[in-house]
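*Asks:* Under this note's numbering, think of the first position of the sequence shown as 11, with each following residue one higher.
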Amino acid sequence: MALNHAVLKEEAIRVQTSIDTIIDIIYNNPNVLDAGSRDFSFTLARLFIATTFLESSCLVGSTDLDEITALRWCKSQDLTPFLTNYGLNYYNKQSIESDYKLVMESYNKY
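#1: How many angstroms separate the CA atom of S86 from the CA atom of K111?
#2: From S108 to S116, what does the alpha carbon distance come to, in whole angstroms?
#3: Do E77 and V17 come within 7 Å of each other at the CB atom, strictly closer than that value?
#4: Between T61, N39, N41, which lies nearest to I29 when the distance is taken from Cα to Cα?
#5: Using the C-alpha atoms, what's the distance from C68 back to A12?
#6: Alpha carbon to alpha carbon, what distance is there between T79 and F50?
#7: Helix, strand or coil, according to DSSP, for V42 in the structure here?
#8: Rounded to the nearest angstrom, how far is the Cβ of I35 from that of V25, given a contact under 8 Å?
#9: Relative to the C-alpha of L93, which residue among E20, E21, T27, G71 is closest?
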(Lines of atoms letter the chains of each structure in order from A; the text may use other names.)
(Lines give C-alpha, C1' and ligand atoms only; values in the text may rest on other atoms or scores of the structure.)
Protein backbone atom coordinates (compact mmCIF):
# COMPACT_ATOMS: atom_id res chain seq x y z
CA MET A 11 0.00 0.00 0.00
CA ALA A 12 2.76 2.45 0.87
CA LEU A 13 4.33 1.92 -2.55
CA ASN A 14 1.23 3.55 -4.05
CA HIS A 15 1.15 6.46 -1.60
CA ALA A 16 2.48 9.74 -2.99
CA VAL A 17 4.07 10.96 0.25
CA LEU A 18 5.40 7.61 1.49
CA LYS A 19 6.47 6.00 -1.77
CA GLU A 20 10.14 7.03 -1.58
CA GLU A 21 10.59 5.58 1.91
CA ALA A 22 8.65 2.44 1.04
CA ILE A 23 10.95 1.85 -1.92
CA ARG A 24 14.00 2.44 0.28
CA VAL A 25 12.77 -0.11 2.84
CA GLN A 26 11.97 -2.68 0.14
CA THR A 27 15.33 -2.16 -1.56
CA SER A 28 17.12 -2.58 1.77
CA ILE A 29 15.31 -5.84 2.45
CA ASP A 30 16.17 -7.15 -1.02
CA THR A 31 19.82 -6.18 -0.56
CA ILE A 32 20.03 -7.89 2.83
CA ILE A 33 18.51 -11.08 1.43
CA ASP A 34 21.03 -11.05 -1.40
CA ILE A 35 23.99 -10.53 0.94
CA ILE A 36 22.91 -13.27 3.34
CA TYR A 37 22.19 -15.69 0.51
CA ASN A 38 25.58 -15.13 -1.14
CA ASN A 39 27.65 -14.80 2.04
CA PRO A 40 25.93 -16.39 5.07
CA ASN A 41 29.14 -16.25 7.14
CA VAL A 42 28.78 -12.48 7.40
CA LEU A 43 26.13 -13.08 10.06
CA ASP A 44 28.77 -14.39 12.46
CA ALA A 45 30.32 -10.95 12.74
CA GLY A 46 27.28 -8.84 11.93
CA SER A 47 24.55 -10.54 13.95
CA ARG A 48 24.01 -7.63 16.35
CA ASP A 49 23.72 -5.08 13.54
CA PHE A 50 21.55 -7.52 11.61
CA SER A 51 19.15 -7.75 14.57
CA PHE A 52 18.92 -3.98 14.87
CA THR A 53 18.37 -3.71 11.13
CA LEU A 54 15.53 -6.23 11.15
CA ALA A 55 13.85 -4.45 14.05
CA ARG A 56 14.15 -1.01 12.47
CA LEU A 57 12.90 -2.23 9.09
CA PHE A 58 9.99 -4.01 10.76
CA ILE A 59 9.00 -0.84 12.62
CA ALA A 60 9.40 1.24 9.45
CA THR A 61 7.21 -1.17 7.52
CA THR A 62 4.59 -1.15 10.26
CA PHE A 63 4.51 2.66 10.36
CA LEU A 64 4.38 2.93 6.56
CA GLU A 65 1.59 0.41 6.19
CA SER A 66 -0.49 1.71 9.09
CA SER A 67 -0.32 5.25 7.75
CA CYS A 68 -2.01 4.02 4.57
CA LEU A 69 -4.99 2.47 6.33
CA VAL A 70 -8.46 3.97 6.22
CA GLY A 71 -8.81 6.31 9.17
CA SER A 72 -5.13 7.20 9.36
CA THR A 73 -4.22 10.85 9.78
CA ASP A 74 -1.45 13.17 8.69
CA LEU A 75 0.22 12.44 12.01
CA ASP A 76 0.57 8.80 10.98
CA GLU A 77 2.39 9.90 7.82
CA ILE A 78 4.61 12.27 9.79
CA THR A 79 5.47 9.50 12.26
CA ALA A 80 6.36 7.09 9.46
CA LEU A 81 8.48 9.65 7.63
CA ARG A 82 10.32 10.75 10.76
CA TRP A 83 11.07 7.17 11.74
CA CYS A 84 12.40 6.37 8.29
CA LYS A 85 14.39 9.55 7.72
CA SER A 86 15.78 10.35 11.16
CA GLN A 87 18.11 7.37 11.55
CA ASP A 88 20.09 4.69 9.83
CA LEU A 89 17.50 1.96 9.31
CA THR A 90 20.12 -0.51 8.16
CA PRO A 91 23.27 -0.51 10.31
CA PHE A 92 24.01 -3.98 8.94
CA LEU A 93 24.17 -2.67 5.37
CA THR A 94 26.08 0.44 6.43
CA ASN A 95 28.78 -1.56 8.21
CA TYR A 96 28.85 -4.24 5.52
CA GLY A 97 29.57 -1.48 3.00
CA LEU A 98 32.42 -0.28 5.21
CA ASN A 99 33.90 -3.82 5.29
CA TYR A 100 33.47 -4.11 9.06
CA TYR A 101 32.62 -7.81 8.82
CA ASN A 102 35.74 -8.99 7.02
CA LYS A 103 38.49 -10.99 8.72
CA GLN A 104 40.85 -8.04 9.16
CA SER A 105 38.20 -5.89 10.84
CA ILE A 106 37.23 -8.71 13.17
CA GLU A 107 40.86 -9.18 14.18
CA SER A 108 41.24 -5.43 14.74
CA ASP A 109 38.13 -5.38 16.92
CA TYR A 110 39.51 -8.25 18.99
CA LYS A 111 42.84 -6.46 19.47
CA LEU A 112 41.06 -3.25 20.39
CA VAL A 113 39.13 -4.96 23.17
CA MET A 114 41.88 -7.27 24.40
CA GLU A 115 44.91 -4.97 24.05
CA SER A 116 45.18 -4.03 27.73
CA TYR A 117 43.90 -7.29 29.12
CA ASN A 118 46.44 -8.97 31.38
CA LYS A 119 46.15 -12.71 31.71
CA TYR A 120 46.92 -14.11 35.14
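Every residue gets a Cβ at the ideal spot worked out from N, C-alpha and C, and that includes glycine.
*Replies:* According to the structure data:
#1: 33 Å
#2: 14 Å
#3: yes
#4: T61
#5: 6 Å
#6: Taken atom to atom, the span from the alpha-carbon of F50 to that of T79 is near 23 Å.
#7: Helix, per DSSP.
#8: The pair is not a contact, with the Cβ atoms about 16 Å apart (cut-off 8 Å).
#9: T27
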